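**Q**
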Amino acid sequence: MVAIAGRRVGGTSWFEHAASGPAGGTKAEVEARLDALVGELGLDAYAFVTWMPPRGGTAASPVAITSYPPAWILRYSVMRYDLVDPVLEAGIRAVRPFLWGGPAFLRGLREPQRKMMAEARGFGLGHGLSVPVHCHAGPSGMLVVAASDEGRLREGVAGAQERLFAEAWDAWEFMAATTRGPSAVPERAVALTPRERECLLWTGEGKTAQEVGMLLGLSVFTVNRHLSNATRKLGCANKHHAAFQALVMGIIFRAPRLLPEPDGTPGTD
Numbered sequence: 330m331v332a333i334a335g336r337r338v339g340g341t342s343w344f345e346h347a348a349s350g351p352a353g354g355t356k357a358e359v360e361a362r363l364d365a366l367v368g369e370l371g372l373d374a375y376a377f378v379t380w381m382p383p384r385g386g387t388a389a390s391p392v393a394i395t396s397y398p399p400a401w402i403l404r405y406s407v408m409r410y411d412l413v414d415p416v417l418e419a420g421i422r423a424v425r426p427f428l429w430g431g432p433a434f435l436r437g438l439r440e441p442q443r444k445m446m447a448e449a450r451g452f453g454l455g456h457g458l459s460v461p462v463h464c465h466a467g468p469s470g471m472l473v474v475a476a477s478d479e480g481r482l483r484e485g486v487a488g489a490q491e492r493l494f495a496e497a498w499d500a501w502e503f504m505a506a507t508t509r510g511p512s513a514v515p516e517r518a519v520a521l522t523p524r525e526r527e528c529l530l531w532t533g534e535g536k537t538a539q540e541v542g543m544l545l546g547l548s549v550f551t552v553n554r555h556l557s558n559a560t561r562k563l564g565c566a567n568k569h570h571a572a573f574q575a576l577v578m579g580i581i582f583r584a585p586r587l588l589p590e591p592d593g594t595p596g597t598d
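According to my numbering, the sequence shown is numbered sequentially starting from 330.
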């Protein structure tokens, strides 16, 4: 966990920012503000990620606006790193800003996650600070600022709490309006049965239908029926997509990994 005390960054305090109302604006204006943020903090890149479903839908992959290198964005997409990204997984659970990329965060990662983080370092994204955004329905987005080395990251974010929170909420309001309309909030309208949630949870842990059946005392046929129903309700392509979607929507949680501090929290593989 990182302590970031209040100080002015770029001449704007949290209260001045809040009093001026939501910044709103176009995508280009939001990107310009985030570019200015990382520039003033002496960092390298930003990303704002939201996992709100589009209006009228229930399933969604994370959507982002970012200044990450295009080559890394392509690599991330091709490799489907959104399914194993430990920063994304930690952000869903976190309620406070957290540092990632250091030894404490990397220690508990699984091999696919370590591979992803190693590749990210090669693109200058080895360390970062994530600022989660929550509304009444739960986790809904996350602002990330990143740098190639930990020392520069810590120096940059020290004392920048007000600015980081303000920009995170502005970005969230823009993304909410863009994906769902001006009064949007994330919804948890999908009602899964307890068995459907259990089957998705174990599927997300990499268990086969047979293994899930053994754990829950169910037949393979019954497990597949629960998974099929859950996949249909979530509007997903397959059971693995459904397990990930249920996780990011807050429908299922991995209780053994639900730690008060997100550093080192393993994710999906």
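For glycine and all other residues, C-beta sits at the position ideal for the given N, C-alpha and C.
As the structure is a prediction and not an experimental result, all values here were calculated from the model.
1. With Ala559 and Val549 assumed to form a contact (beta carbons below 8 Å), what rounded beta-carbon distance in angstroms separates them?
2. Output the residue ranges of the alpha helix (DSSP H) runs that lie fully inside the region 424 to 499 and measure 4 residues or longer, sorted by chain position.
3. Rounded to whole angstroms, what's the CA-CA distance from Ser477 to Thr522? Just pull it up for me.
4. Could you spell out the range, first to last residue, of the beta strand (DSSP E) harbouring Thr551?
5. Note the first and the last residue of the continuous alpha helix (DSSP H) segment covering Val407.
6. Comparing C-alpha positions only, which one of Glu525, Glu484, Ile394, Phe452 sits nearest to Lys356?
7. Quick one: residues in its chain with C-beta nearer than 6 Å to the C-beta of Leu530, no 5 flanking neighbours on either side, listed in chain order?
8. Going straight from the alpha carbon of Gly430 to that of His456, what length do you get?
9. Check whether the Cβ atoms of Leu370 and Val474 sit closer than 8 Å, and answer yes or no.
10. Mind reading off the beta-carbon distance from Ala376 to Tyr397? Whole number of angstroms is fine, and I expect it under 8 Å.
11. Leaving aside the five residues before and after Ala575 along the sequence, list all residues of the same chain whose C-beta is less than 6 Å from its C-beta, in chain order.
12. For a test of the three-state rule: what should DSSP assign to Val541, helix, strand or coil?
13. Gly480 to Pro441, Cα distance in whole Å?
14. Along the beta strand (DSSP E) that carries Ala419, what are the first and last residues, could you check?
15. For Tyr375, which beta-bridge partners are listed by DSSP?
16. So, helix, strand or coil for Thr507, using DSSP?
17. Could you compute how far the alpha carbon of Leu454 sits from the alpha carbon of Val359?
18. On the DSSP bridge list, what partners appear for Thr522?
19. Using three-state DSSP, classify Ala393 as helix, strand or coil.
20. Alpha carbon to alpha carbon, what distance is there between Ala374 and Gly368?
21. Between Ala388 and His570, what straight-line distance do the alpha-carbon atoms span, to the nearest angstrom?
22. Give the DSSP-derived three-state secondary structure of Glu358 in the structure shown.
23. For Glu525, which residues in the same chain have their Cβ closer than 7 Å to its Cβ, ignoring the five residues on either side in sequence?
24. Classify Asp414: buried if its beta carbon has 16 or more other beta carbons within 10 angstroms, exposed otherwise.
25. With distances taken between CB atoms, is the gap from Phe573 to Gly535 smaller than 8 Å?
26. To the nearest angstrom, how far is it from the Cα of Ala449 to the Cα of Asp411?
27. State yes or no: is the C-beta of Phe452 within less than 8 Å of the C-beta of Ala400?
**A** Quick answer:
1. Not really, about 16 Å apart at Cβ, beyond 8 Å.
2. 432 to 435, 440 to 451, 479 to 486
3. 44 Å
4. It is not in any beta strand (DSSP E) - Thr551 instead sits in the alpha helix (DSSP H) that spans 549 to 563.
5. 399 to 407
6. Ile394
7. Ile581
8. 4 Å
9. yes
10. 6 Å
11. Leu529, Ile581
12. helix
13. 26 Å
14. Counting along the chain, Ala419 falls outside any beta strand (DSSP E), though it belongs to the alpha helix (DSSP H) covering 415 to 422.
15. Val474
16. helix
17. 21 Å
18. Answer by DSSP bridge pairing: none, since Thr522 is not bridged.
19. strand
20. 9 Å
21. Only weak support is given to the placement of Ala388: the predicted model assigns it a pLDDT of 41, under 50, and the question is left unresolved by the model.
22. helix
23. His555, Asn558, Ala559
24. buried
25. no
26. 13 Å
27. yes
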